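Chains A and B are the protein sequences, given in the same order.
Take the working numbering: the final residue in the first sequence is number 142, and no numbers are missing along the way.
Take the working numbering: the final residue in the second sequence is number 237, and no numbers are missing along the way.
Each residue gets a CB set at the ideal place from its N, CA and C atoms; glycine is no exception.
Fair warning: this is a prediction, and the values are worked out from it, not measured in the lab.
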Amino acid sequence: MVRVEFLGPINKEPLELNISNLNELATILQGDEKMNQWLENSAVAVNDMMVSSRDTALKNGDKVSLLPPVCGG
Amino acid sequence: MLELHDGSLDVSNILDRWYKQERKSNYGAFIPFVGTIRDEDGIDGLSFDVYEPILESWFKNWQEKAHKKGAIIKMAHSRGDVMLHESSYIAAVFSPKRRVALEFIDEFVEDFKASAPIWKYDLKNTERIYAKDRSTAIAGSGILK
Numbered sequence: 070m071v072r073v074e075f076l077g078p079i080n081k082e083p084l085e086l087n088i089s090n091l092n093e094l095a096t097i098l099q100g101d102e103k104m105n106q107w108l109e110n111s112a113v114a115v116n117d118m119m120v121s122s123r124d125t126a127l128k129n130g131d132k133v134s135l136l137p138p139v140c141g142g
Numbered sequence: 093m094l095e096l097h098d099g100s101l102d103v104s105n106i107l108d109r110w111y112k113q114e115r116k117s118n119y120g121a122f123i124p125f126v127g128t129i130r131d132e133d134g135i136d137g138l139s140f141d142v143y144e145p146i147l148e149s150w151f152k153n154w155q156e157k158a159h160k161k162g163a164i165i166k167m168a169h170s171r172g173d174v175m176l177h178e179s180s181y182i183a184a185v186f187s188p189k190r191r192v193a194l195e196f197i198d199e200f201v202e203d204f205k206a207s208a209p210i211w212k213y214d215l216k217n218t219e220r221i222y223a224k225d226r227s228t229a230i231a232g233s234g235i236l237k
């Protein structure tokens, strides 16, 4: 299983999903109306490393994090 | 050095501590930046969520860049609520000469604003409202859309 966490203001409970890459996660989240406003402006990390491609492979035990727009300071 | 504090930062204490840590390290320049919550738009204060694992790796990367220039960076940030006229953010660069520190603090604070995994909320009438309009999408965002 892959754990998917939604950080900051997304305010959504984590998911445990049987997926093998980010393309599959994209398809699942695109079907969630509440996620539409976040998908276009959120960055993605796998095991706390930022990733830039949807083809990123996932394996059992991985953690995916969605990071919406930031504003520290 | 990266410090996270619950609530507002004790500016005098932090700057004094950092100064004392480095005053004999032969740095000719110490340039601090202190961010203070301003009274505007009717807010009572600000509140922050911090994602520590990625903040730590982001900071480590900057510390390595600083070391290459003979400099060091220190940073403190708040978690949770910080009220008006209190501080939520301090960054400082120590370097042998002033020019490196002056340039580095600018680059560092700008990238902090654009990339550090911290989320800001306005505190208004007991509500906590995401500061969406003032937030920046991290480079590379949108791959799942």
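With 16 as the cutoff for other CB atoms within 10 Å, does residue i come out buried or exposed?
i               : result
L194 of chain B : exposed
S128 of chain A : Rather than Ser, the amino acid found at residue 128 of chain A in this sequence is Lys. It is exposed - the Cβ of K128 of chain A has fewer than 16 other Cβ atoms within 10 Å.
H177 of chain B : exposed
S77 of chain A  : Per the sequence presented here, residue 77 of chain A reads as Gly, with Ser not at that position. Per the 10 Å Cβ criterion, buried.
G232 of chain B : exposed
K212 of chain B : buried
For residue i, which three-state DSSP category applies?
i               : result
D136 of chain B : coil
L176 of chain B : coil
A193 of chain B : helix
N90 of chain A  : strand
A112 of chain A : strand
P124 of chain B : strand
E82 of chain A  : coil
D98 of chain B  : strand
I129 of chain B : coil
S149 of chain B : helix
S207 of chain B : helix
Y181 of chain B : strand
What in chain A is Cβ-close to residue i, meaning under 8 Å?
i               : result
Y143 of chain B : L76, G77, S134 and L136
F204 of chain B : G141 and G142
R226 of chain B : C140
Considering only DSSP beta bridges, list what residue i is partnered with.
i               : result
F75 of chain A  : A:L135
I164 of chain B : B:F186
S122 of chain A : BP columns for S122 of chain A are empty, so no partner.
K212 of chain B : B:F140
Could you tell me how far apart the beta carbons of residue i and residue j are, in whole angstroms, since I believe they sit closer than 8 Å?
i               : j               : result
A158 of chain B : F196 of chain B : 6 Å
I210 of chain B : D131 of chain B : The pair is not a contact, with the Cβ atoms about 21 Å apart (cut-off 8 Å).
L138 of chain B : L215 of chain B : 6 Å
Identify the contact partners of residue i in chain B, using a Cβ-Cβ distance below 7 Å as the criterion.
i               : result
V113 of chain A : I235 and L236
D131 of chain A : Residues of chain B passing the Cβ test: none, with the nearest at roughly 14 Å.
Which residues of chain A have a Cβ atom closer than 7 Å to the Cβ of residue i, listed in chain order?
i               : result
A208 of chain B : V139 and G141
G172 of chain B : Per Cβ cutoff of 7 Å: no residues; G172 of chain B is ~13 Å from chain A at best.
G232 of chain B : A112, M119 and S121
I123 of chain B : Ordered by position in chain A, no residue passes the 7 Å Cβ test against I123 of chain B, which lies about 16 Å from the chain.
A158 of chain B : The contacting residues do not exist; A158 of chain B stays about 18 Å from chain A at best.
Identify the contact partners of residue i in chain B, using a Cβ-Cβ distance below 9 Å as the criterion.
i               : result
L127 of chain A : Ordered by position in chain B, no residue passes the 9 Å Cβ test against L127 of chain A, which lies about 13 Å from the chain.
E182 of chain A : Summary: the structure shown does not reach residue 182 of chain A, with chain A confined to residues 70 through 142, and so no result is reported for it.
Counting only Cβ pairs nearer than 8 Å, list the residues of chain B close to residue i.
i              : result
L91 of chain A : I235 and L236
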